[in-house]
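What follows is a short report on a single structure.
Protein chains: 2
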Amino acid sequence: MPRLETATLERLREIVGPANVLIREEDLEPYTHDELPGLSAVPEAVVKPGSAQEIAAVLRLANEALFPVTPRGLGTGLSGGALAVMGGIILSLERLDRILEIDEANLMVVTQPAVITGQLQKEVEARGLFYPVDPASLDSCSIGGNIAENAGGPRAVKYGVTRDYVTGIEAVLPDGEIIRYGGKVVKNVTGYDLANLLIGSEGTLGVITEITLKLLPLPPHRVDLLVPFDDFRQAIRAVATIISGRKILPVVLEFMDQAGVKACEAFLDKQLPFSDAAAQLIIGLDGTSAAEVEAQYTSVAELCLEIGAADVLVADNPANKDRLWEARRILLETLKAQSPVVEVEDVVVPRSVIPDLVERVAAIAERTGFRMVQWGHAGDGNVHIGIMKMDLDQQAWEEGLPRVAEEIFTAALALGGAITGEHGIGRVKRRFLPMAVGPAEQRAMKRLKEAFDPKGILNPGKIFAD
Amino acid sequence: MPRLETATLERLREIVGPANVLIREEDLEPYTHDELPGLSAVPEAVVKPGSAQEIAAVLRLANEALFPVTPRGLGTGLSGGALAVMGGIILSLERLDRILEIDEANLMVVTQPAVITGQLQKEVEARGLFYPVDPASLDSCSIGGNIAENAGGPRAVKYGVTRDYVTGIEAVLPDGEIIRYGGKVVKNVTGYDLANLLIGSEGTLGVITEITLKLLPLPPHRVDLLVPFDDFRQAIRAVATIISGRKILPVVLEFMDQAGVKACEAFLDKQLPFSDAAAQLIIGLDGTSAAEVEAQYTSVAELCLEIGAADVLVADNPANKDRLWEARRILLETLKAQSPVVEVEDVVVPRSVIPDLVERVAAIAERTGFRMVQWGHAGDGNVHIGIMKMDLDQQAWEEGLPRVAEEIFTAALALGGAITGEHGIGRVKRRFLPMAVGPAEQRAMKRLKEAFDPKGILNPGKIFAD
């Protein structure tokens, strides 16, 4: 891979201004990794554009001088997608951090990509509006990164994923063309939908510079339940029965296993509710009236007790909600305290077969000796598996992890699932792409990439195995 | 355009069976038009494959022998997308007409493309499930056609459009490759989303042969209101205030103008409710409890009366619902009785500017002398404009219509809207595509087409002006 020439660096400085081109080692360091442990890459430079026009100029230059350009939001990804693994520059979108308009009449928000998702949520909620997509990293991740990965989160069971809210984009294509598609319209079938093409493309087909999102009215009432079960299968049967039996769609439907809750208890050094249970569900119910939500949670609580729940804890105010969510919130931090290296998988399966997946994963853990904790979004079939390095030596970890991951993916795929529900393929899962999609599908995907980025300058070394 | 050779026809017969290749004039006739008036094209043959494999063989042959292949669902499109305008064959999917599985545990349905949308809805509703997308043609249109056009309908205001429900597809690409993407998973970010690439591509990038749709629990309660206003602007102000002021998202929010209601009254030769009002809203509210829906409709009714509604008619049983919807349901039929040729536009604008659009369209009608009736989905900004030929001579109609359409599109685009919300570009709007999307966007769209269909055999003569 050729190094950036001095003349190229000089042209980058002309495009974005000298202060927005970083090359000193200590300045580059924050851009060498994302939230995925164990993977890093030092870019040759970090370039911080201030507009779509500047990004277009950078991309035109990259096509001319042939250097890799890796777009980066706020670096909270979990698949290594924002690392400059082939050298070249990181194109950091951090300066494009403004909410441009909250349009209350049309329930729309227009925003730049580096706005923090949680911040955007707070701003719209202050106006009685609701942007439901809530990835775990919402206090630090960017809305542009969410779109690049088509991020989900716990509320996806009722409210869907990022794609469901994007009605318009401005983006710069790899050749430097600036395109717009859609806007403040909730229906639009004008030619090919270029917005949906870029959503979930992990920064390999274009750089998104402006986003229009549709919003919902903020549901004024929400109650959360914490429900312990002595038998894991009962917990998952409750999940299925709430949704397909009682026809109630909770806003969140999370589960945690005993190992996870116990780990949190030890980490916090205090007793957590129901920590002896084999599994816990957190069930959130929202609606437009208190009576509606009460009717729903009464029905759900009765059902859980019928199925075998040991108890039901109801939280309807911020203080008891905090207590109810405590373990779930700090789970990953807890695991990292036990094992600084934790690889988090996010396979997804049809909801009805979650018990099978969880049992197969437990069997893989037992057979391989790798410590694993499982939790996640039971309502939408998206299961997170924390594979913990613990005190395993580096060689054993590096050799063992891909085999363990492959076994987990094999299990998910055999159950009709997918290898990633919301984290993306990025750098770390690309070797597994051929397990998940066949040769014809891979050829179709590569045709897309080649059509838009014939010189391969935009985020190379991602998604595809070769 | 070369005619199909006899040897080619023979090979088509070998692929799908002789009975499934039609060439007699009277057999071809039903395939010469869709529901768009004034446009027809006679295919050289109609080919009715029975499987994805047969479609793959037909497309491989088309690439070899270079004949156009125009996929067709059930022929209810409104943009001429399923007409063989460049000759060649119609690839009718009518034999792929089975619902393959209703998966109640996972709230999913797996279906072939030629299943009638309304039939699919009935089947899932019988199990307490809900497929909300309801294009006006739902009793005759196919689910595959809905996906090709990314169809909407009145319920889009609350429940979104076709794209929001597709979680998996099997499709045949123009080169004959069979691909699958997704399945019974509601989150999936495995490489580029090939399903979303094909949704809304109007049968020009691939032929969809199997579809997995996510379903919702069927809301058990629904009440509809008919609300007359003496002032059109008041009606639209009510729309905006219900949603952004009261934070209530109705399941439908339709409007009709006086001309439309009066026409229906004359057509039916009976009095319809509130036919003297300048505009009527139909507001549907649904929910999980009767109390919730009652609270919502009380709030909406009060608000409408405050804003200036003359009355509010509440329908909570099938009989009075039928009466309430009578005019809206037969509107298009009524217009066709007055004028056998009616061109229906479906521009979309941000909800808040519907009054501006409606006034500009009324001004265009007045200035040009073309008779127009406006109605549509006020809740999502999707306005239908019926332009009626009446007794205008053919030449005046053919010369005038494009100018009138262009003026309407100019108005919609100037208001931040789009030229088609749910009918697609197809054949009839392609000359207007350059008004709606710029040169960079058109180049990007053409790159997609060329990447997947380099020989241009799949549905040529659609979407693009040249």
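One line per chain: the protein sequences are X and W, in this order.
Sequential numbering from 1 applies to the first sequence in my numbering.
Sequential numbering from 467 applies to the second sequence in my numbering.
Ideal Cβ placement from N, Cα and C applies to all residues, glycine included.
Computed from a predicted model, the values in this text were never measured in an experiment.
Mind checking threonine 334 (chain X): buried by the 16 CB within 10 Å criterion, or exposed? Residue environment: threonine 334 (chain X) is assigned as buried (16 or more neighbouring CB atoms within 10 Å of its CB, all protein chains considered).
Can you check which of these residues, X:Ile463, X:Asp103, X:Ser142 and X:Ser244, is closest to serine 92 (chain X) by C-alpha distance? When X:Ile463, X:Asp103, X:Ser142 and X:Ser244 are compared, the shortest CA-CA separation from serine 92 (chain X) is found for X:Ser142.
Cβ pair leucine 83 (chain X), serine 40 (chain X) closer than 8 Å: Inclusion of leucine 83 (chain X) and serine 40 (chain X) in the CB contact set at 8 Å is warranted, their separation being smaller than that value.
Contact set between serine 352 (chain X) and chain W, taken where Cβ atoms lie within less than 7 Å: For the C-beta of serine 352 (chain X), the chain W residues within less than 7 Å are, from N- to C-terminus, Ala571 and Asn572.
In the region 410-437 of chain X, which residues sit with their C-beta less than 8 Å from some C-beta in chain W, listed in chain order? Under the 8 Å Cβ criterion, the region 410-437 of chain X contributes Gly416, Gly417, Ala418, Ile419, Thr420, Gly421, Glu422, His423, Gly424, Ile425, Leu433, Ala436 and Val437.
Residue-chain proximity (asparagine 529 (chain W), chain X), Cβ-Cβ < 8 Å: For asparagine 529 (chain W), the answer is no, since every Cβ of chain X falls outside 8 Å of its Cβ.
Using a C-beta to C-beta distance shorter than 8 Å, which residues of chain X count as neighbours of arginine 909 (chain W)? In chain order: Glu177.
May I have the straight-line CA-CA distance separating glycine 73 (chain X) from isoleucine 90 (chain X), to the nearest angstrom? Distance between the alpha carbons of glycine 73 (chain X) and isoleucine 90 (chain X) is about 10 Å.
Please classify lysine 588 (chain W) as buried or exposed, where buried requires at least 16 other C-beta atoms within 10 Å of its C-beta. By the beta-carbon neighbour count (other beta carbons within 10 angstroms, threshold 16), lysine 588 (chain W) is exposed.
List the residues of chain W that aspartate 164 (chain X) touches, going by C-beta distances under 8 Å, in chain order. Near aspartate 164 (chain X) (Cβ distances below 8 Å), the residues of chain W are Gly626 and Asp630.
Glutamate 292 (chain X): contacting residues in chain W (beta-carbon distance under 8 Å): In chain order: Gly753, Thr754, Ser755, Ala757 and Glu758.
Euclidean distance between Cα positions of leucine 691 (chain W) and glutamine 762 (chain W): If you draw a straight line from the Cα of leucine 691 (chain W) to the Cα of glutamine 762 (chain W), it comes to about 11 Å.
Other residues of its chain near valine 693 (chain W): CB distance less than 6 Å, five sequence neighbours each side excluded: The residues Leu747, Cys770, Ala775 and Val778, in chain order, have a CB closer than 6 Å to that of valine 693 (chain W) in the same chain once the five nearest residues on each side in sequence are set aside.
From which residue to which residue does the alpha helix (DSSP H) around glutamate 198 (chain X) run? According to the sequence shown, residue 198 (chain X) is leucine rather than glutamate. Taken as a continuous stretch (DSSP letters only), the alpha helix (DSSP H) holding leucine 198 (chain X) covers 194-198.
Let me check understanding here. Comparing Cα to Cα, which of W:Val623, W:Pro640 and W:Ala531 lies closest to alanine 522 (chain W)? Ranking the options by Cα distance to alanine 522 (chain W), first place goes to W:Pro640.
Which of helix, strand or coil DSSP assigns to tyrosine 297 (chain X): The answer is helix: DSSP assigns tyrosine 297 (chain X) an H, G or I state.
Could you pull the start and end residues of the beta strand (DSSP E) that lysine 736 (chain W) belongs to? Run containing lysine 736 (chain W): none; DSSP gives neither H nor E here.
Simplified DSSP state of leucine 22 (chain X), which is helix, strand or coil: Note: leucine 22 (chain X) maps to strand in three-state DSSP.
Give the residues from the region 650-672 of chain W that approach chain X closer than 7 Å (Cβ to any Cβ), ordered along the chain. Within the region 650-672 of chain W, the qualifying residues are Lys650, Val651, Val652, Lys653, Asn654, Val655, Thr656, Gly657, Tyr658, Asp659, Leu660, Asn662, Leu663, Gly666 and Ser667.
Buried or exposed (CB count within 10 angstroms, at least 16 for buried), glutamate 54 (chain X): Buried, since its Cβ has 16 or more Cβ neighbours within 10 Å.
Indicate whether the contact test is met: 3 or more Cβ pairs, each with one atom in the region 264-277 of chain X and one in the region 725-735 of chain W, closer than 8 Å. No, they do not touch.
Go ahead and pull the three-state DSSP assignment for isoleucine 143 (chain X). Of the three classes helix, strand and coil, the one that applies to isoleucine 143 (chain X) here is helix, per DSSP.
Is valine 383 (chain X) near valine 347 (chain X), with beta carbons less than 8 Å apart? Closer than 8 Å, so yes.
Spell out whether any CB of chain W is found under 8 Å from the CB atom of tyrosine 297 (chain X). No, because no Cβ of chain W sits closer than 8 Å to the Cβ of tyrosine 297 (chain X).
Buried/exposed call for threonine 472 (chain W), threshold 16 Cβ in 10 Å: By the Cβ-count criterion, threonine 472 (chain W) is exposed, with fewer than 16 other Cβ atoms from all chains shown falling within 10 Å of its own Cβ.
Just to check my reading of the structure: lysine 514 (chain W) and glutamate 560 (chain W) have Cβ atoms closer than 8 Å, yes? What is that Cβ distance to the nearest angstrom? At roughly 6 Å, the Cβ-Cβ gap stays under 8 Å, so lysine 514 (chain W) and glutamate 560 (chain W) are in contact.
Determine the closest residue to asparagine 529 (chain W) out of W:Ala862, W:Phe918 and W:Ile929, with distance taken between C-alpha atoms. Taking only the C-alpha atoms, the option nearest asparagine 529 (chain W) is W:Phe918.
So, under 8 Å CB-CB, asparagine 150 (chain X) and isoleucine 199 (chain X) are touching, yes? Tell me the CB distance rounded to an integer number of Å. The pair is a contact, with the Cβ atoms about 5 Å apart (cut-off 8 Å).
Measuring CB to CB, does glutamate 510 (chain W) end up less than 8 Å from glycine 547 (chain W)? Not a contact, by the Cβ cut-off of 8 Å.
May I ask you to list the residues that DSSP assigns as paired with aspartate 690 (chain W)? Aspartate 690 (chain W) pairs with W:Gly750 and W:Ala781.
DSSP three-state assignment for threonine 420 (chain X), whether helix, strand or coil: Threonine 420 (chain X) carries a strand assignment under DSSP once its states are collapsed to helix, strand and coil.
Measuring straight from C-alpha to C-alpha, what distance separates valine 705 (chain W) and valine 185 (chain X)? The alpha-carbon atoms of valine 705 (chain W) and valine 185 (chain X) are separated by roughly 15 Å.
Taking C-beta to C-beta, are threonine 241 (chain X) and isoleucine 307 (chain X) nearer than 8 Å? The Cβ atoms of threonine 241 (chain X) and isoleucine 307 (chain X) sit closer than 8 Å to each other.
So, under 8 Å CB-CB, isoleucine 635 (chain W) and isoleucine 674 (chain W) are touching, yes? Tell me the CB distance rounded to an integer number of Å. Indeed they touch by this definition, with Cβ atoms about 5 Å apart.
Drop a sphere of 10 angstroms on the beta-carbon of leucine 22 (chain X), count the other beta-carbons inside from all chains shown, and report buried for 16 or more, exposed for fewer. Under this definition leucine 22 (chain X) is a buried residue.
Beta-bridge partners of histidine 850 (chain W), as assigned by DSSP: According to DSSP, which records beta bridges pairwise, histidine 850 (chain W) is partnered with W:Asp812 and W:Trp841.
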